[in-house]
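Those protein sequence lines, which keep their order, are chains S and U. Position 267 of the first sequence, counted from 1, bears residue number 280 in this note's numbering, the numbering being contiguous throughout. Position 290 of the second sequence, counted from 1, bears residue number 328 in this note's numbering, the numbering being contiguous throughout. Please read the structure below before turning to the comments.
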Amino acid sequence: MFRNQYDSDVTVWSPQGRLHQVEYAMEAVKLGSATVGLKSKTHAVILALKRASSELSAHQKKIIPIDNHIGMSIAGLTADARILSRYMRTECLNYRYSHDDALPVSRLITDVGNKMQVCTQRYDRRPYGVGLLVAGFDDNGPHIYQTCPSANYFDCKAMAIGARSQSARTYLEKNLDKFADCDLEELVKHGLRALRDTLPNEVDLSTKNVSIGVVGAGLDFTIYGEEEMSRLLTAIEGEERRGGTQAAAEAAQPPAAEPAAAEGEAMETE
Amino acid sequence: MALKATLIRRICPPCDDKLVHLRLGMTKRVNTTEMAHLGTDAFSAKSFWHNGPAPGAFYNFPGMQSGSCNKEAQRSQQPITTGTSVLGLKFENGVIICADTLGSYGSMARFRDCQRVMKVNNNIAVGVGGDYADFQYLKRIIDQKIMDEHIADDGFSLKPKALYTWLTRVMYNRRNRFDPLWNNYVVGGIQEGVPFLGAVDLRGMAYQDRHIATGYGGYIALPLLRDAAEKNPNMTQQQAKDIMEKCLEVLYYRDARSFPKYQMAIVTADGVTVSDVLELKSNWEVAHMISGF
Chain S
14 MFRNQYDSDV TVWSPQGRLH QVEYAMEAVK LGSATVGLKS KTHAVILALK RASSELSAHQ
74 KKIIPIDNHI GMSIAGLTAD ARILSRYMRT ECLNYRYSHD DALPVSRLIT DVGNKMQVCT
134 QRYDRRPYGV GLLVAGFDDN GPHIYQTCPS ANYFDCKAMA IGARSQSART YLEKNLDKFA
194 DCDLEELVKH GLRALRDTLP NEVDLSTKNV SIGVVGAGLD FTIYGEEEMS RLLTAIEGEE
254 RRGGTQAAAE AAQPPAAEPA AAEGEAMETE
Chain U
39 MALKATLIRR ICPPCDDKLV HLRLGMTKRV NTTEMAHLGT DAFSAKSFWH NGPAPGAFYN
99 FPGMQSGSCN KEAQRSQQPI TTGTSVLGLK FENGVIICAD TLGSYGSMAR FRDCQRVMKV
159 NNNIAVGVGG DYADFQYLKR IIDQKIMDEH IADDGFSLKP KALYTWLTRV MYNRRNRFDP
219 LWNNYVVGGI QEGVPFLGAV DLRGMAYQDR HIATGYGGYI ALPLLRDAAE KNPNMTQQQA
279 KDIMEKCLEV LYYRDARSFP KYQMAIVTAD GVTVSDVLEL KSNWEVAHMI SGF
């Protein structure tokens, strides 16, 4: 990214027709740690990699429940995410109070998108520096929505955002056809595998640094506890990692071609 | 005229004008701009404390609604052009709501084709009694709600229970402001495959039941509806229509603000139909025998 004379204000267009401030805000999302979302016919699942700023502090919470039927995970400025989550919670709550019904996810996302757009068009505001992956379930089924600081939002079958998320997206693209018919456990395992691909070599998934949220038919938005997570992590432990050089536990001998081919996919420009 | 530094006699509570004491007991109403010209500057005692409560006076905190301030008189109203009873009944796979087409102007049968049952969307119908103007106001808002949904174009359709809850919130809120929408609503529809029927009144009181009748209908029609529903809990659409017509007929005989023309809204899984204006047959041959009025 080069510095130039058109990037000081969000209300200034560059001669190429770009709003640099908005693009810089999207860079902030890429700095946040990875988060993955995917859905089947019946459930929507979001998983996030939690970072701890030092050994002394707890891992930063990445998954925020919004309502019984909606939850989201964040990548980027946590403070901005908090404001957005407060807005979303209020909207959902007001709708539930006045209509005794769940706010349709698409309508909430539209409202959030409109709110975020205001900040990209006023000289006295800055764009929200956070990307959201919203998982929800309503009368139209499960949904995964991605929002950007540019105030764009996308309805996704599966998505990953944050640092090194390209590897996760690659995994999701390769396995997209399998998700629709998965049961909840299989879906979460796919998500964990995708998340694992975003890890640097020495680090591995553990109950400390992973967060999982699920929502679906007859299932209110729930964040998994340690027990459930450790069971799922053990279930995928034996499998090879595409991105890393070694698997967490060797069972039989790993295929010889694995390390060289996997290396290329792990690297992502930051 | 140069006025000497003067005493602010008191603050007028509704509008915060200051009543300034002049010579000889005359008081003059003064606003803030004038104050500046009275020889007082921004830091002198009186203007520093202005806008605050005078001793013994009520203080209007800035930014608060002047609810008890008498800026507007409290309104509890009276209804002007009114509709009488509305009846609602659940049957096997739907709901019927019906009402006559009269808008009474006091005791005068003034507007004889007011539509009091309306289709809201493909699975909700609403019937209304009480002040017709208040209904027309809320009808516009409900229609706007439905229009917003069309615009959103996201496959979602307002459900009867949602409209019923929303209506309760609106009516209760107005009641708390002593400014009610003087209506009785009956909301009926199909909620997730199951027939739904509820009523909301001008006080924000809301309830759901298998059979509903507002106004005089509560006294005259409801016993008939209850009886029929008890004997035949899963009645068919035709049976439901028949009992509704019977109730409307009895209401026409007994309710002095009723009319023999009526409309029915029927909601089933296939949608909502609001009938054309139908006419009740009535038999007044015993009328000459009735005395005492």
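Cβ coordinates follow ideal geometry from the N, Cα and C atoms, glycine included. A quick note: this is a predicted structure, and the numbers were derived from the prediction, not measured.
Does any CB atom of chain U fall closer than 9 Å to the CB of S:P155?
no
Tell me whether the beta-carbon of S:A173 lies closer than 9 Å to the beta-carbon of S:K202.
no
In or out: U:W204 buried (at least 16 other Cβ within 10 Å) or exposed?
buried
Nearest residue (CA-CA) to S:V49, options S:L212, S:L232 and S:Y141:
S:L212
Using beta carbons (cut-off 9 Å, strictly below), is U:L235 in contact with chain S?
no
Simplified DSSP assignment, three categories, for S:S224:
strand
State the Cα-Cα distance for the pair U:P198 and S:Y100, rounded to the nearest angstrom.
27 Å
In whole angstroms, what is the alpha-carbon distance linking U:R113 and U:N211?
14 Å
6 Å CB neighbourhood of S:R182 in its chain, flanking five on each side removed
A173
Within-9 Å CB hit, U:G242 to chain S:
no
Residues of the segment 192 to 221 of chain U whose Cβ lies closer than 7 Å to any Cβ of chain S, in chain order:
D192, G193, F194, K197, K199, A200, T203, W204 and R207
Cβ-based contacts, 8 Å cut-off: residues of the segment 100 to 124 of chain S near chain U
Y110, S111, H112, D113, D114, P117, S119, R120 and T123
Proximal residues to S:M242 (C-beta, below 7 Å), its chain only, five neighbours per side dropped
T220, V223 and I225
Just checking, does the segment 172 to 179 of chain U make contact with the segment 225 to 238 of chain U on the three C-beta pairs under 8 Å criterion?
no
Compare the C-alpha of S:N188 against each of S:R31, S:L51, S:E36 and S:A176 and name the closest.
S:L51
What is the DSSP secondary structure of S:R138, counted as helix, strand or coil?
coil
Which term fits S:H33, buried or exposed, when burial requires 16 or more other beta carbons within 10 angstroms of its beta carbon?
buried
Under a Cβ-count criterion, where at least 16 other Cβ atoms within 10 Å of its own Cβ denotes burial, should U:I135 be classed as buried or exposed?
buried
Beta-bridge pairing of U:Q246 - partner residues as DSSP gives them:
U:G236
Please state whether DSSP places S:H156 in a helix, a strand or coil.
strand
Let me see if you follow: with CB-CB separation under 9 Å, is S:A270 close to chain U or not?
In this predicted model, S:A270 has a pLDDT of only 40, less than 50, meaning its place in the structure is not dependable; the value taken from the coordinates is given anyway. With 9 Å as the cut-off, S:A270 does not count as an interface residue toward chain U.
Of all the alpha helix (DSSP H) runs that stay within the bounds of the segment 111 to 192 of chain U, which reach a length of 4 or more residues?
170 to 190
Taking U:G226 as part of the beta strand (DSSP E), name the residues at either end of that continuous run.
N221 to Q229
Less than 7 Å between C-beta atoms, sequence neighbours within five positions excluded: which residues of the same chain meet that for U:W220?
Q115, P117, G168, D169, D172 and L240
Would the segment 117 to 130 of chain U and the segment 278 to 286 of chain U be scored as touching if the rule is three or more Cβ pairs under 8 Å?
yes
Report the rounded CA-to-CA distance for S:E104 versus S:L121, giving the unit in angstroms.
7 Å
With DSSP as the reference, label U:Y300 as helix, strand or coil.
strand
Rounded to whole angstroms, what's the CA-CA distance from S:A88 to S:Y141? Just pull it up for me.
11 Å
Going by DSSP, what residue range makes up the alpha helix (DSSP H) through S:V131?
V118 to V131
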